[in-house]
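K.L.:
Numbering (mature numbering (1 follows the signal peptide of the UniProt record, and there is no 0)), first residue to last: -21 to -1, 1 to 559.
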């Protein structure tokens, strides 16, 4: 049974490492206002320029278009051009695509953990596990958001892209197991963040079709919005106006797929702005490339300093994820995250099940790790040390569908922080990112408590029918430690120390944030401190992850700030007319 179990664990390592998908909804048609950047004129002018058509950028732009002319510049392609990826069952093989035109751009942090960033209209909502859950009331209040407007903005998103998931055998068993081990109370199906066990929303509909932030562009005024794809912004342009001491953003330079440069400027009438929504990696990276960041670091790369801002790229954080897999003697449904246990000690327990693999997946998995390792420039013994394990996996992966489930824990926060730095001045290249997983001992304590909860759930009566009776949790731990899931050093004591297990087997759940910390890089209105006409509205401004999964709040924030900006624009315009 050894190689079978190892094959199973490899397959679910894939599901855990890439807990996301590229299947999309065939319901939404291609928008007439979405075009390739190669069709853009050399010079454009708009009221708002949104850099990044991602999870926040799409709802933001759709809202702004209700009262102004909006340009969206997205460096990736359209999710609607891949109909074969519609269903959830195809998501794994889609993630194996590491071509330059793929929707995900992999990178390895200096911590030795494989990660990815989105490059597609809709952003991370095209790549994630689809779980939808709002931030807690405490998070909303501490962020300074208006609670009524936040509620309205969540509902605006939910009407278009969120569904109640079907609860089948595996997800129901884990739900019951969480309740059995004391993750109480049971809160049923809800979008709200509440301590206990609940069923959350999903951006997958009942047919398994993915709905994304790009679908929120259906709210846009098609006469007032233009979206250009494969439009990579090179830098933001600044000027110094007479009588003003602060630089003012007035345009951008972007490059199309053929390498042709274009310029987009803000219209000179009114309070127009450039808004960065390029994500927790892209937004601080582009600020630096435009001359806003730590002066010495920018000068070392030959970048003219517009504003010495040492906090750009700081307070980068990624919520660490650790996992156990459970081989099942019974068939299980293909599911991503639906059930979640929100513990009182700060760990979130989530689960997925089933996995459909193409016969070529194992070879592709090897290529992904090799490709990213080479791109990172980090020396790696990943494959040389584990060559036999990988070879056995390739040999024995004859059945593309595997049985069983995966249970993961993610810690809240986290308290551990890192930083981002440029490697090159090419905006297509990944910067160097350090997250410092478990640097703060409190993060490690929460991980250990989360792993103990997972073990209790696996040993619960509710999950017993999905367990091989002769396969102990310790055996699962031992076998997980044989799998090269990251580039971090492995220690013998990880087999019996949950602290070391957390450190050695840490993965990402793609909830990284920071890089443009609030009150340091942006103010309470998300305006970049020290310059005019520039905001950052995305997850780079989060001081910690909002609840179990951030996508609901990232989409909400786009709508929320779009409403605030456009309402102030209308108010200012009416006030000006009254004065005249």
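Every residue gets a Cβ at the ideal spot worked out from N, C-alpha and C, and that includes glycine.
1. Within the same chain, show all residues whose beta-carbon is closer than 7 Å to that of residue 155, passing over the 5 residues directly before and after it, in chain order.
2. Can you tell me the Cα-Cα spacing of residue 447 and residue 473, whole angstroms?
3. In whole angstroms, what is the alpha-carbon distance linking residue 490 and residue 260?
4. Alpha carbon to alpha carbon, how far is residue 230 from residue 23? Give it in angstroms, no decimals.
5. Roughly how many angstroms separate the alpha carbons of residue 500 and residue 263, rounded to a whole number?
6. Could you tell me which residues DSSP puts in a beta bridge with residue 49?
7. Indicate whether residue 488 and residue 298 have their beta-carbon atoms separated by less than 7 Å.
8. Are residue 132 and residue 539 touching if we call contact CB-CB under 7 Å?
9. What residue does the beta strand (DSSP E) around residue 241 start on, and which one ends it?
10. Do residue 516 and residue 39 have their CB atoms nearer than 7 Å?
11. Quick check: residue 326 and residue 482, are their CB atoms within less than 7 Å of each other?
12. Tell me where the beta strand (DSSP E) around residue 432 begins and ends.
13. Quick check on residue 112: buried or exposed, where buried means 16 or more other Cβ atoms within 10 Å of its Cβ?
14. What is the DSSP secondary structure of residue 543, reduced to helix, strand or coil?
15. Residues in its own chain within less than 7 Å of residue 428 by CB, not counting five upstream and five downstream?
16. Report the rounded CA-to-CA distance for residue 180 versus residue 170, giving the unit in angstroms.
17. Closest to residue 513 by C-alpha separation, out of 544, 288, 227, 241, would be which residue?
18. Can you tell me where the alpha helix (DSSP H) with residue 453 in it begins and where it stops?
19. Locate the beta strand (DSSP E) running through residue 320, then write down its first and last residues.
20. What three-state label does DSSP hand residue 225 in the structure shown?
21. With H, G and I counted as helix, E and B as strand and the rest as coil, what does DSSP make of residue 479?
22. Whole-angstrom Cβ separation of residue 185 and residue 142, contact assumed at under 8 Å?
23. Three or more beta-carbon pairs under 8 Å between the stretch 281 to 300 and the stretch 462 to 470, yes or no?
24. Taking the straight line between their C-alpha atoms, what separation do you get for residue 280 and residue 510?
25. With DSSP run on the structure shown, which of helix, strand or coil describes residue 385?
26. Nearest to residue 59 by CA position, among 193, 387, 522, is which residue?
27. Helix, strand or coil for residue 440 per DSSP?
28. Identify every residue that forms a DSSP beta bridge with residue 296.
29. Starting from residue 584 and walking both ways along the beta strand (DSSP E), at which residues does that stretch end?
30. Within a Cβ cutoff of 6 Å, which residues of the same chain sit near residue 537, ignoring the five residues on either side of it in sequence?
31. Output the boundary residues of the beta strand (DSSP E) element that contains residue 398.
32. Between residue 315 and residue 67, which are expected to be in contact by the criterion C-beta below 8 Å, what is the C-beta distance as a whole number of angstroms?
33. Can you check the stretch 140 to 218 for any alpha helix (DSSP H) of at least 4 residues that lies completely inside it and give the ranges in chain order?
34. Within its chain, find whatever has a CB closer than 7 Å to the CB of residue 129; leave out the 5 residues flanking it on each side and keep chain order.
35. At what residues does the beta strand (DSSP E) containing residue 312 begin and finish?
36. Residue 86: buried (16+ other C-beta within 10 angstroms of its C-beta) or exposed?
P.N.:
In terms of the structure at hand:
1. For this step, residue 155 is matched to residue 176 along the chain shown. The residues are 441.
2. What you label residue 447 is simply residue 468 of the chain shown in a count that begins at 1. What you label residue 473 is simply residue 494 of the chain shown in a count that begins at 1. Cα to Cα, the separation comes out at about 23 Å.
3. The residue labelled residue 490 in the question sits at position 511 within the chain shown. The residue labelled residue 260 in the question sits at position 281 within the chain shown. Between residue 490 and residue 260, the C-alpha separation is close to 12 Å.
4. In the chain shown, the residue the question calls residue 23 occupies position 44. In the chain shown, the residue the question calls residue 230 occupies position 251. Each residue's alpha carbon lies about 9 Å from the other.
5. On the chain shown, residue 500 is found 521 positions in, with the first residue counted as 1. On the chain shown, residue 263 is found 284 positions in, with the first residue counted as 1. Between residue 500 and residue 263, the C-alpha separation is close to 10 Å.
6. Within the chain shown, numbered from 1, the residue matching residue 49 stands at position 70. Answer by DSSP bridge pairing, in chain order: 27, 204.
7. Indexing the chain shown from 1 puts residue 488 at position 509. Indexing the chain shown from 1 puts residue 298 at position 319. Yes, Cβ-Cβ distance for residue 488 and residue 298 is below 7 Å.
8. Taking the first residue of the chain shown as position 1, residue 132 is located at position 153. Taking the first residue of the chain shown as position 1, residue 539 is located at position 560. The answer is yes: Cβ separation under 7 Å.
9. Reading the chain shown from its first residue, position 262 is the one you call residue 241. Where residue 241 is concerned, the enclosing beta strand (DSSP E) stretches over 240 to 245.
10. The sequence position of residue 516 within the chain shown is 537, counting from 1. The sequence position of residue 39 within the chain shown is 60, counting from 1. Yes, the Cβ-Cβ distance between residue 516 and residue 39 is below 7 Å.
11. Residue 326 sits at position 347 when you count from the first residue of the chain shown. Residue 482 sits at position 503 when you count from the first residue of the chain shown. Not a contact, by the Cβ cut-off of 7 Å.
12. In the chain shown, the residue the question calls residue 432 occupies position 453. Not the beta strand (DSSP E): residue 432 falls in the alpha helix (DSSP H), residues 420 to 437.
13. Translated into the one-based positions of the chain shown, residue 112 becomes position 133. Flag for residue 112 reads buried.
14. Within the chain shown, residue 543 is the residue found at index 564, counting from 1. Three-state result, residue 543: helix.
15. Your numbering for residue 428 matches position 449 in the chain shown. Correct list, in chain order: 324, 326.
16. Counting from one through the chain shown, the residue named residue 180 turns up at place 201. Counting from one through the chain shown, the residue named residue 170 turns up at place 191. So the alpha carbons of these two residues sit roughly 6 Å apart.
17. Residue 513 sits at position 534 when you count from the first residue of the chain shown. Checked all of 544, 288, 227, 241; the closest Cα to residue 513 is 227.
18. Counting from 1 along the chain shown, the entry for residue 453 is found at position 474. 452 to 459 is the span of the alpha helix (DSSP H), which, as asked, contains residue 453.
19. Along the chain shown, one-based indexing puts residue 320 at 341. Here the beta strand (DSSP E) through residue 320 covers 318 to 321.
20. Indexing the chain shown from 1 puts residue 225 at position 246. If DSSP states are grouped into helix, strand and coil, residue 225 belongs with coil.
21. The residue given as residue 479 occupies position 500 in the chain shown. Residue 479 falls in the helix class under three-state DSSP.
22. As a first step, residue 185 must be located in the chain shown, where it is residue number 206. As a first step, residue 142 must be located in the chain shown, where it is residue number 163. Right, their Cβ atoms sit about 7 Å apart.
23. no
24. Locating residue 280 in the chain shown gives position 301, counting from the first residue. Locating residue 510 in the chain shown gives position 531, counting from the first residue. Answer to the nearest angstrom: the Cα atoms are 22 Å apart.
25. Stepping through the chain shown from its first residue, residue 385 is reached at position 406. In the structure shown, residue 385 sits in a strand (DSSP, three-state: E or B).
26. Indexing the chain shown from 1 puts residue 59 at position 80. The option with the nearest alpha carbon to residue 59 is 193.
27. The residue labelled residue 440 in the question sits at position 461 within the chain shown. Three-state result, residue 440: helix.
28. Indexing the chain shown from 1 puts residue 296 at position 317. Per DSSP, 492.
29. The requested residue 584 is not part of the displayed model; the chain covers only -21 to 559.
30. Residue mapping note: residue 537 aligns to position 558 of the chain shown, counting from 1. The residues are 35, 38, 39.
31. Working through the chain shown from its first residue, we reach residue 398 at position 419. Unbroken beta strand (DSSP E) run through residue 398: 397 to 400.
32. The residue given as residue 315 occupies position 336 in the chain shown. The residue given as residue 67 occupies position 88 in the chain shown. With a Cβ gap of about 7 Å, residue 315 and residue 67 count as contacting.
33. 148 to 159
34. What you label residue 129 is simply residue 150 of the chain shown in a count that begins at 1. So the qualifying residues of the chain are 119, 535, 539.
35. As a first step, residue 312 is located in the chain shown; it is residue number 333 there, counting from the start. No beta strand (DSSP E) contains residue 312, which DSSP labels as neither H nor E.
36. In the chain shown, the residue the question calls residue 86 occupies position 107. Residue 86 comes out buried.
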